[in-house]
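Student: In the numbering used here, the protein residues as written are 11 to 270.
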């Protein structure tokens with residue numbers, strides 16, 4: 011009668027014998043490779059061979075780039091400028107490119123390209139309706155050059171942001187105007203509201219400029235936003251201003267509202 015230790019030894023021996031039976035048929039004692047292992051070896055060998063073919067890889071890359079460039083150039087030629095024999099190919103290529111949504115427009119490189127110059131004009135009004143142009147409006151007189159916003163400093167970025175997409179709500183624009191209310195109160199000016207206007211001049215097409223027209227078209231003024239400086243949040247900002255002069259002005263405005 012065998013003991014448990016003997017049974018365990020016999021099981022291990024049977025497992026070793028079964029593994030030996032799966033040895034390579036060549037008789038060298040190496041274990042037989044499975045199909046996926048053969049495939050992996052082939053892939054490694056192919057990768058090593060391809061890595062050494064520097065000249066071949068360069069030729070294939072150049073051929074692919076040249077073919078792609080030829081297709082793109084051919085697609086830019088208008089159908090009317092091609093011979094009759096090439097028109098069907100051109101129309102077929104256009105259909106393929108339309109399916110793939112390939113576009114050769116400015117939107118491909120700049121989703122929202124600028125086609126003109128837009129500068130802010132800021133006007134402050136007091137309780138009597140008297141208007142005063144704020145210093146930030148200097149660009150309307152001094153600007154209209156390609157150098158604007160070139161330095162990308164904080165002031166230029168804000169001046170650029172507040173005139174973008176003037177017909178849509180912009181939280182940056184709102185807080186910018188609130189900051190102007192607080193600054194004017196700090197300087198001792200009793201400002202009721204601040205009005206933002208966008209002065210825009212479109213860049214004329216090159217063919218018109220070549221004929222002698224000015225580079226920029228006539229200015230077009232559009233009202234962007236009218237912010238009251240007497241709303242609660244701005245009064246609180248003015249009252250909490252540590253620079254001083256705004257606290258008394260905020261108190262005077264609050265007393266005036268209470269009397270009304």
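Beta carbons are placed, not taken as given, at the ideal position from N, Cα and C, and that holds for glycine.
Assuming contact is defined by CB atoms lying nearer than 8 Å, are residue 134 and residue 182 in contact in what I supplied?
Tutor: Going by C-beta atoms, residue 134 is not nearer than 8 Å to residue 182.
Student: Using beta-carbon positions only, say whether residue 100 and residue 89 come within less than 8 Å of one another.
Tutor: Cβ distance < 8 Å, so residue 100 and residue 89 count as in contact.
Student: Examine chain B for any beta-carbon lying closer than 8 Å to the beta-carbon of residue 165, and answer yes or no.
Tutor: The structure shown contains no chain B; it holds only a single protein chain.
Student: Taking DSSP as the reference, what is the three-state secondary structure of residue 141?
Tutor: In this structure, residue 141 counts as strand in the three-state DSSP scheme.
Student: Quick one: which unbroken beta strand (DSSP E) runs of 3-plus residues sit fully inside the segment 207-249? Chain order, please.
Tutor: Counting whole runs of 3 or more residues, the segment 207-249 contains the beta strand (DSSP E) stretches 230-238.
Student: In chain order, what are the residue ranges of uninterrupted alpha helix (DSSP H) at least 4 long that sit wholly in the segment 63-113?
Tutor: As far as the segment 63-113 is concerned, its whole alpha helix (DSSP H) runs of at least 4 residues are 64-86, 97-110.
Student: Is residue 196 closer than 8 Å to residue 247 when the C-beta atoms are compared?
Tutor: No, the Cβ-Cβ distance between residue 247 and residue 196 is not below 8 Å.
Student: Determine the closest residue to residue 245 out of 92, 203, 104, with distance taken between C-alpha atoms.
Tutor: With distances taken between Cα atoms, residue 245 lies closest to 203.
Student: So residue 189 is in the alpha helix (DSSP H); what residue range does that whole segment cover?
Tutor: Here the alpha helix (DSSP H) through residue 189 covers 181-196.
Student: Is the separation between the beta-carbon of residue 207 and that of residue 233 shorter than 8 Å?
Tutor: Taking 8 Å as the Cβ cut-off, residue 207 and residue 233 qualify as a contacting pair.
Student: According to DSSP, is residue 205 helix, strand or coil?
Tutor: If DSSP states are grouped into helix, strand and coil, residue 205 belongs with the strands.
Student: Return the bridge partner residues of residue 4 from the DSSP annotation.
Tutor: This structure does not reach residue 4, given that the chain is present from 11 up to 270, and the question cannot be answered.
Student: Residue 237 and residue 187 - do their beta-carbons sit closer together than 8 Å?
Tutor: In contact: residue 187 and residue 237 (Cβ atoms closer than 8 Å).
Student: On the three-state DSSP scale, how would you describe residue 172?
Tutor: Correct three-state label for residue 172: coil.
Student: Return the CA-CA distance between residue 228 and residue 211, expressed in angstroms with no decimal places.
Tutor: Cα to Cα, residue 228 sits roughly 6 Å from residue 211.
Student: Should residue 131 and residue 209 be called a contact, given that it needs their Cβ atoms to be closer than 8 Å?
Tutor: Yes. Within cutoff.
Student: Ordered along the chain, which non-local residues of its own chain (more than five positions away) have a Cβ less than 7 Å from that of residue 107?
Tutor: Taken in chain order, the residues that qualify are 85.
Student: In the DSSP output, which residue or residues are listed as bridge partners for residue 134?
Tutor: Answer by DSSP bridge pairing, in chain order: 142, 204.
Student: Measure the alpha-carbon distance for residue 34 versus residue 48 and round it to whole angstroms.
Tutor: For residue 34, the pLDDT reaches just 47, beneath the cut-off of 50, and the residue's location in the model is therefore unreliable, leaving the point undetermined.
Student: Straight-line CA distance for residue 39 to residue 61?
Tutor: Reliability of the predicted coordinates at residue 39 is poor, the pLDDT of 48 falling under 50, and the value obtained from them is presented with this limitation in mind. Cα-Cα distance, rounded: 33 Å.
Student: Alpha carbon to alpha carbon, how far is residue 59 from residue 71?
Tutor: Cα-Cα distance, rounded: 17 Å.
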